[in-house]
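Trainee: Residue numbers (my numbering): 1 to 159.
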């Protein structure tokens, strides 16, 4: 019997619950795997792996490798998650495939880089961290005086 392992963590909120509802509705066996704590795949019966997008911490990469070594089939390859979870990598992948996008410039989120960008464009600008979703770490900067606080806030997040 196939059993889908549904990954959840502190960033993935709604998707795991929707996957659980879909499995129940379709009568598909599942087990929820919490990536926020230690996870031992030997204690699971999963045959397939349906993780949500999340920041690829070293422990998560190890879980993926362990799952694949055990013959568990990932429904999202780690290489695809690594791209989709990183806004800069996603932008570059889409650009290389000639997919139209909102004009974007990739810069380091350090005061000098952000000030340089802001001065070149002389307009309100949106700055995002490479990771995060649901509006988290997205900031609108209207004035040059806001730049140091933006950079400090992002630096405190450590991403």
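All C-beta atoms, glycine included, are put in the ideal place defined by N, C-alpha and C.
Remember, predicted model here, so these are calculated numbers, not experimental data.
In its own chain, which residues sit with a C-beta less than 7 Å from the C-beta of residue 39, not counting the 5 before and 5 after it?
Mentor: Start at 1 with the first residue of the chain shown, and residue 39 comes out as number 39. If we look at residue 39 and ignore the five residues flanking it on each side, its Cβ neighbours are 33, 63.
Trainee: Which class does residue 141 belong to by DSSP, given the choice of helix, strand or coil?
Mentor: Locating residue 141 in the chain shown gives position 141, counting from the first residue. DSSP places residue 141 in strand when its eight states are reduced to three.
Trainee: Measuring alpha carbon to alpha carbon, tell me which residue in 82, 92, 43, 95 is nearest residue 70.
Mentor: Position 70 of the chain shown holds residue 70. Among 82, 92, 43, 95, the Cα nearest to that of residue 70 is on 43.
Trainee: By DSSP, does residue 50 sit in helix, in strand, or in coil?
Mentor: Counting from 1 along the chain shown, the entry for residue 50 is found at position 50. Reduced to three states, the DSSP call for residue 50 is strand.
Trainee: Measuring only the C-alpha atoms, how far is residue 137 from residue 131?
Mentor: For the purposes of this step, residue 137 is taken as residue 137 along the chain shown, with counting starting at 1. For the purposes of this step, residue 131 is taken as residue 131 along the chain shown, with counting starting at 1. About 8 Å.
Trainee: Going by beta-carbon coordinates alone, are residue 106 and residue 127 separated by less than 8 Å?
Mentor: Along the chain shown, read from residue 1 onward, the residue named residue 106 stands at position 106. Along the chain shown, read from residue 1 onward, the residue named residue 127 stands at position 127. Contact flag unset, no.
Trainee: Straight-line CA distance for residue 156 to residue 75?
Mentor: Position 156 of the chain shown holds residue 156. Position 75 of the chain shown holds residue 75. Roughly 34 Å separates the two Cα atoms.
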